[in-house]
Every structure is written in C-alpha cells, then in structure tokens.
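Below is one structure, written out as structure tokens, with a few remarks after it.
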Ligand code: GLU
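Residue numbers (the working numbering): 88 to 586.
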C-alpha cells in the first residue's frame, strides 16, 4: 500500500504571514488534502532573537482565516510533537552526537573573527571562500586542549567527496559537485541548531514525505540530501516553487504594496478569493479555467502543474477574483459577512438578523448587487440608497442629470403613473413600461427620465438596474422620493434650458 503522504508548512515566526508563505502552505495543504494525506504545521523558532509569540499568533491566525487547517501542530498536537522547534533542542543534540560519532561531523573552534580574516584574505586574492577545514586538520590533541580550555565551538558537517543529486518535481534533476559545498555549521556554539540540521532532523522524525517550498531553498537542498544520507534516512520528494515577483519582475516585497495576509484580510478580500489567486501563482490546472472553489482546487491540484516560470503578482487580478467569489457566495452568507460593515454604516436593522420579511428583502437586495461588486464594502455603498430612509443628491449628479428644463413636470407625471400601480404591479417590468409610456406621452427620450429618476432614488449617476432597484425600494418610499425630487426641481429651476 502506498505511504500516506505527510506534508508540512514550517514558518519561521520572525514576521507576519507573507503572501509567499501562505502560498507555500496552500500548495502543501492542497496536496495533502488531494491525496488523503496529513498536513503538519511546525514552527521553526530556533532563532530566539528574531522569533516572537506575536508572529506565531499572527501566522496561525492568518492560516485559520484562509481556511488552511492542520492535522498536527500547535493547538491540535499529534504523535510527532512538540511542533515548536524551540522545544525539540534535545533531538538536534542527539542527532549531532550521532553524526560526530559516525564521523560525519566535527567540532570547529574557529572563531568568527579568525574566519572573517581568512575569508577576506582569500577574497583579496580573488579566490572564492569555502570553510578551509582548519579544525579538521588540527589533530586530536589540539582539539582536546581547546575543548578543555572551554573555547566555544560549533559543529560542522563534513561534506563528502563526489556529487549530490536529487530530482525536483519542478526543476527536474539537480546535480551538484560537492566541492562547491562547504563544511556547513549544523550546531552553533550556543547549542542551537542551524536551519539545515533542524529542518532535516524534524522532517525525518515527523516522517515527512513531500517538501514543497520556495525556490530560494533549492540551493540548500543538496546540504539536506547529504544530511539525510548521513542520518541513514531516505530523503522526501522535493518540489521547489518559483518565487513570486511584482509586475516589475523584482521579487515581491513591501515596495509593491501589501504583502501580508492580514493586509488583504483588512482590505476586505474574501479568503476563498485569495486562496484561488494564490493557487494560480505558480501552479496551473492545465486549461483556461481560472475560478476555483476550495473543493475544486483540491480535486485539480498536482505537483506536476507547478510551473518553472516566475509567478507575477497582479493586484487587479486579485480584485477580479474577489468579485468572482462574492458572486459565488450565497446571499445568506453575504448578509452574515456584510453585517458588521452595514452596522458601521448605520444601515443594519435588528430585523435583518432573523428569518422573516425584512431579511428576505435584504437577501433580494444582495442578489441584485452581488454580481456587480468586487468588495463587500462596495456592496454597502451600492446598497446604501436601498437601505437608507432618505437620499442626498451628489452635486455632480445634480449638475449632470437634473438641469434640463421641464423635468419637474415629467417627474410629476411619472409619480402619478407609479401611484396608479398597485402593490402587485410594483415590479421591474411594469415600472419600466410605465416610465416609457410617460416619456412617449411627453415626447421626451426615456433616458432623460431614467437618469433623473436614478438621481431621485439614489442621489447618484450610477446604480444597478434602475427598475429592479425601484421595485426593492418599494412603492411608498419610491413615491416619496419622487415627490422630494419634484420639490427639489421646483426650488432649483434650471436657469437655461439644455438644448
Ligand atoms: N523555516 C523555513 C522558512 O521559513 C522553512 C523552509 C522549509 O520549508 O524547509 O523558510
């Protein structure tokens, strides 16, 4: 039977959850969900100076908001815990002792300043610098003396001769001459492991089968392959994902605007839209389809679909996805999500909270607007004239739409025609028909009356379909808004008729 895939996301909690990190988490999660595997969250907090609890909380919160749930990790536990590297230091120590005992690693007493001096001397001669193995040649006696004298030391991995190869799912065969890899530090003199050691020890202990991570780690992987070999463990399958670039083809950074998941959350993006957008940054389903729900992504995801080219972050496209996903949401779900925004705008009524007439009416308003907005905040803006008691006319709307002569009379005629419709007839088709009849009878273009009525009903020059909106605004409020419009026109008679 095939092994259950085990994947992990291993963030270093030194800042917020970056868009790139979220995408890495997503790819691992999608693969685990696609194949009935296990998704592990492991916090790589061995760099005590740069790690913080706030950052851990922010990353966990961001993942939860995105709906990327983990089967093992902080908060849920699991058989391979603890899931914070700072609580696993003893494991790294055991692994280091094994590596030293088996001759795969050795203590290094070179002090940072000596190393710097030797490196600079080599570089001054135009040579590259790799650790010169000074401590490997010191001889046992000299080493024992240094140790007894309490000279701080690190542990270095002894890179063997030969070549190191691995097959990357995205980049294909990677083949490196070991002479290009220095004897890297695996344990620092303060007893903390380096990333190379802790990541491999944990991936072995946690039985990780697939490592999907950013392309910036590709150059680290040969070192990891060597460590797997020295520890007698089989390496996992690797997939290095192309990095995310801004439109200027430079690596995505603060310069390009928001780069944290929290920023996007605060700006009103839907988690499903961000998930959809991130999934397509570097992965392709192999067709033209772009809009994916979470479930359809899980069904479609493959590591082979991850492309080698750079992924370009396109803000406009993300906005488009947001609109698409709002369109996919049920009107009921939109009500729930928009409630805090409606409350803030003073447009929420208690009666909307429970089933009944007012809520059913609000759902209709949402259905009218849902496919037209890219953000829920925009929905609140468009819904405002429908939900508010009165409207105020924007000055631009007055200037553009309420200046033709004789409008007052036309609006009065429309009001009378609408007043003649009873409640049952007060629906979009009859409303449109009545308006066109009035316009014909008065020999004016229907557009003139439509534009003026739109201002009277919304205060604005643009709105969703006027007649659907009037239907939802309802008979009483429509008649009183038309009356108010007549009064306004009487008080602000245009001085010159427009041609
Ligand atoms: N803590 C590492 C990082 O955040 C993990 C890299 C890896 O997935 O191996 O870059």
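Think of the CB as a built atom: it goes at the ideal place given N, C-alpha and C, for glycine as much as any other residue.
Beta-carbon proximity check, residue i vs residue j, cutoff 9 Å
i, j, result
"residue 190", "residue 245", "yes"
"residue 147", "residue 162", "yes"
"residue 113", "residue 365", "yes"
"residue 284", "residue 260", "no"
"residue 157", "residue 96", "yes"
"residue 497", "residue 478", "no"
"residue 309", "residue 243", "no"
"residue 377", "residue 408", "yes"
"residue 124", "residue 93", "yes"
"residue 489", "residue 576", "yes"
"residue 61", "residue 289", "Look at the range of the chain in this structure, 88 to 586, and you will see that residue 61 is not part of it."
"residue 171", "residue 130", "yes"
"residue 340", "residue 104", "no"
"residue 349", "residue 552", "no"
"residue 464", "residue 428", "yes"
"residue 301", "residue 111", "yes"
"residue 280", "residue 183", "yes"
Where residue i falls, given that 16 or more other Cβ within 10 Å makes a residue buried
i, result
"residue 208", "exposed"
"residue 100", "buried"
"residue 586", "For residue 586, the predicted model reports a pLDDT of 49, less than 50, meaning its position is unreliable and no value from the coordinates is stated."
"residue 363", "buried"
"residue 579", "exposed"
"residue 528", "exposed"
"residue 135", "exposed"
"residue 90", "exposed"
"residue 132", "buried"
Cβ of residue i within 9 Å of any chain B Cβ
i, result
"residue 482", "This model lacks chain B altogether; it includes just one protein chain."
Beta strand (DSSP E) segment containing residue i, residue limits
i, result
"residue 179", "Element bounds for residue 179: not the beta strand (DSSP E) but the alpha helix (DSSP H), 176-188."
"residue 94", "93-96"
"residue 120", "Counting along the chain, residue 120 falls outside any beta strand (DSSP E), though it belongs to the alpha helix (DSSP H) covering 106-121."
"residue 127", "125-128"
"residue 264", "259-264"
"residue 326", "324-328"
"residue 297", "297-301"
"residue 254", "250-255"
Segment limits, alpha helix (DSSP H) that includes residue i
i, result
"residue 349", "348-353"
"residue 537", "533-545"
"residue 423", "418-431"
"residue 192", "Careful: residue 192 lies outside any alpha helix (DSSP H), inside the beta strand (DSSP E) at 192-195."
"residue 412", "402-415"
"residue 211", "199-211"
"residue 474", "463-474"
"residue 274", "Here residue 274 belongs to no alpha helix (DSSP H); instead the beta strand (DSSP E) covers 272-274."
"residue 364", "358-366"
"residue 387", "381-387"
Practice item. Can you list the residues near the ligand GLU, meaning Cβ strictly closer than 6 Å to any non-hydrogen atom, in the order they appear in the chain? Key: 97, 98, 99, 131, 286, 300 and 304
**Study point:** Contact between the stretch 446-456 and the stretch 419-438 (3+ Cβ pairs under 8 Å)
**Key:** yes
Point to revise | Validate contact between the stretch 323-337 and the stretch 378-394 using beta carbons, cut 8 Å, 3 pairs | key: yes
**Study point:** Sufficient close CB pairs (3 or more, under 8 Å) joining the stretch 368-386 to the stretch 425-444
**Key:** no
Point to revise | Cβ contact (3+ pairs, closer than 8 Å) linking the stretch 330-344 and the stretch 254-268 | key: no
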